[in-house]
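Visitor: So the protein lines, in turn, are chains C and Y. FYI, the numbering used here numbers position 59 of the first sequence as 665, with every residue one higher than the one before it. FYI, the numbering used here numbers position 118 of the second sequence as 724, with every residue one higher than the one before it. Ideal Cβ positions, reconstructed from N, Cα and C, are used throughout, including at glycine. Computed from a prediction, not measured in an experiment: that's the story for all the values here.
Protein chains: 2
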Amino acid sequence: MPVSDAETSLDAAIVARLKRTPDGLVAAIVQEHGTGEVLMLAWMDAEALHRTLTTGRATYWSRSRQEYWVKGATSGHHQSVRRVALDCDGDALLVTVEQTGAACHTGAHNCFSDELPVSALEAR
Amino acid sequence: MPVSDAETSLDAAIVARLKRTPDGLVAAIVQEHGTGEVLMLAWMDAEALHRTLTTGRATYWSRSRQEYWVKGATSGHHQSVRRVALDCDGDALLVTVEQTGAACHTGAHNCFSDELPVSALEAR
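1) Chain Y partners of residue 725 of chain C, CB-CB under 7 Å?
2) Examine chain C for any beta-carbon lying closer than 9 Å to the beta-carbon of residue 698 of chain Y, and answer yes or no.
3) Please report the straight-line C-alpha distance between residue 631 of chain C and residue 625 of chain C, rounded to a whole angstrom.
4) Residue 680 of chain C and residue 674 of chain C: beta carbons closer than 9 Å?
5) Check residue 657 of chain Y in the structure and name its three-state DSSP category.
6) From C:662, C:687, C:654, C:688, pick the residue whose C-alpha is nearest to that of residue 672 of chain C; which is it?
7) Measuring CB to CB, does residue 698 of chain Y end up less than 9 Å from residue 633 of chain C?
8) So who's on the other strand from residue 609 of chain Y, going by DSSP bridges?
9) Does residue 676 of chain C have its Cβ less than 9 Å from a Cβ in chain Y?
10) If we count the other Cβ atoms within 10 Å of its Cβ and call it buried at 16 or more, is residue 723 of chain Y buried or exposed?
11) Would residue 740 of chain C and residue 700 of chain C be called neighbours here (beta carbons separated by less than 9 Å)?
12) Establish whether the CB of residue 650 of chain C and some CB of chain Y are separated by less than 9 Å.
13) Look up residue 725 of chain C in the DSSP assignment and say whether it is helix, strand or coil.
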């Protein structure tokens with residue numbers, strides 16, 4: 607499990623603005639600085655956000671491994687954080703990064719290569 | 607609650623690729639066609655995705671109201687869907703739209719105006 611709010615060092619005023627999923631997470635949209643390309647979606651709890659804001663290295667909570675991970679720690683594909691913004695209802699973050707190498711574990715530059723058919727487009 | 611997988615008309619092959627939160631949802635990142643601006647984050651269950659793909663109008667599941675909502679149904683600020691892509695692990699969608707008016711209920715063009723301090727930037 608992510609650490610509790612009592613254990614995190616994230617500013618309490620920011621913690622109070624987060625609206626989390628039942629498992630304690632907010633969605634982090636990762637966008638590439640300069641190109642505007644949306645690279646991936648990851649998850650943060652309060653502590654991952656604290657680490658991201660204070661180290662400048664994008665740090666997430668892995669839902670599959672149930673642990674913190676610094677992006678690039680094993681792959682070398684780091685994300686240097688330029689800007690973090692919280693959305694109006696507190697359940698999403700927009701993280702603007704400088705991406706080293708590929709953002710996706712498949713080796714693709716971003717994670718959104720699986721296009722779904724929008725059937726309404728055919729009718730236009 | 608969102609409708610069950612048995613009740614949705616979404617293609618079973620797509621349903622099988624979705625990795626949902628404990629409350630049955632995937633995150634939908636909404637990006638503006640042309641500008642690349644990230645407008646908002648919303649949530650979809652399988653049925654909301656089905657309606658989005660078949661109508662071309664962005665349709666979400668509201669976590670706060672616990673109901674489906676067609677973006678713009680009350681505000682007039684519709685989103686016409688150009689592309690939908692699923693990410694590599696099935697827990698996020700990237701929805702590319704043509705946005706009419708403001709995407710945010712606050713009247714701002716996007717929902718990410720609440721910038722958080724990245725203290726590491728000061729040390730660079």
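Guide: Straight from the coordinates:
1) 659, 660
2) yes
3) 8 Å
4) no
5) helix
6) C:654
7) yes
8) According to DSSP, which records beta bridges pairwise, residue 609 of chain Y is partnered with nothing at all.
9) no
10) exposed
11) The displayed coordinates of chain C run from 607 to 730. Any statement about residue 740 of chain C would go beyond what the structure contains.
12) no
13) helix
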